[in-house]
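Each remark here refers to the structure printed beneath this line.
Shown next, in the form of structure tokens:
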């Protein structure tokens, strides 16, 4: 069980990580993100950069990609292969 102090620490970290994702999205150039697919790809890139890099085990990373793919499909109606999530290039 996590102590109250540890829980508070991790809660602050999660908020900080979420803010990093938002900051990355806000830095995007509006001339580059011109459609829903590119917006979804940028979001996937920022979430991957912020959260995936902190995962240690391969099984956790696969779960992360599964969860991310599911959310992209549900909310953006797009399907991105893992390689495209990792290598965001902007306008094609």
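In the numbering used here, the protein residues as written are 1002 to 1093.
Here a beta-carbon is modelled for each residue, glycine too, at the ideal position from N, C-alpha and C.
Answer with buried or exposed for residue i, where buried requires no fewer than 16 other C-beta atoms within 10 angstroms of its C-beta.
| i | result |
| --- | --- |
| residue 1076 | exposed |
| residue 1049 | buried |
| residue 1081 | buried |
Please look up how many angstroms separate the CB atoms of residue i and residue j, rounded, as I've assumed it's under 8 angstroms.
| i | j | result |
| --- | --- | --- |
| residue 1051 | residue 1022 | 5 angstroms |
| residue 1047 | residue 1067 | About 18 angstroms separates the two Cβ atoms, so there is no contact after all. |
| residue 1156 | residue 1065 | For residue 1156 there is no data in the structure shown, the boundaries of the chain being 1002 and 1093. |
In whole angstroms, what is the alpha-carbon distance linking residue i and residue j?
| i | j | result |
| --- | --- | --- |
| residue 1069 | residue 1045 | 7 angstroms |
| residue 1043 | residue 1016 | 20 angstroms |
| residue 1034 | residue 1054 | 24 angstroms |
| residue 1063 | residue 1018 | 20 angstroms |
| residue 1058 | residue 1071 | 20 angstroms |
| residue 1028 | residue 1060 | 31 angstroms |
| residue 1032 | residue 1020 | 23 angstroms |
Which ranges does the alpha helix (DSSP H) cover as unbroken runs of at least 4 residues, wholly within the segment 1055–1085, from first to last along the chain?
1059–1077
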